[in-house]
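A.B. asks: Questions regarding the structure given below will be posed in turn.
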Amino acid sequence: MVFVKAQKSRAYFKRFQVKYKRRRDGKTDYRARIRLINQDKNKYNTPKFRLVVRF
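For what it's worth, UniProt numbering labels the leading residue of the sequence shown as 1, then goes sequentially.
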């Protein structure tokens, strides 16, 4: 029995998504970059509560 290597079809390569160029080059660590630039969600753009006291 002859071993036949499975050929990847055109449909496979249409779905195939390449990684970012800088990630492929090893220049940018995107996980660390996200940690650097993401802001605390509980500090910014949150509604301020005002206490109103009536007698």
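Virtual Cβ for every residue (Gly too), placed ideally from N, Cα, C.
For residue 45, collect the residues of the same chain with a Cβ closer than 6 Å to its Cβ; drop the 5 residues on either side in sequence, then sort them by chain order.
C.D. replies: Counting only Cβ-Cβ distances below 6 Å, and skipping sequence neighbours, we find nothing.
A.B. asks: Tell me which residue opens and which closes the alpha helix (DSSP H) that residue 54 is part of.
C.D. replies: Counting along the chain, residue 54 falls outside any alpha helix (DSSP H), and DSSP gives it neither H nor E.
A.B. asks: Where does residue 8 fall in DSSP's three states?
C.D. replies: Three-state result, residue 8: coil.
A.B. asks: Please check the pair residue 35 and residue 28, which I expect to be a contact at CB under 8 Å, by giving their CB distance rounded to whole angstroms.
C.D. replies: Rounded, the Cβ-Cβ distance is 13 Å, inconsistent with contact.
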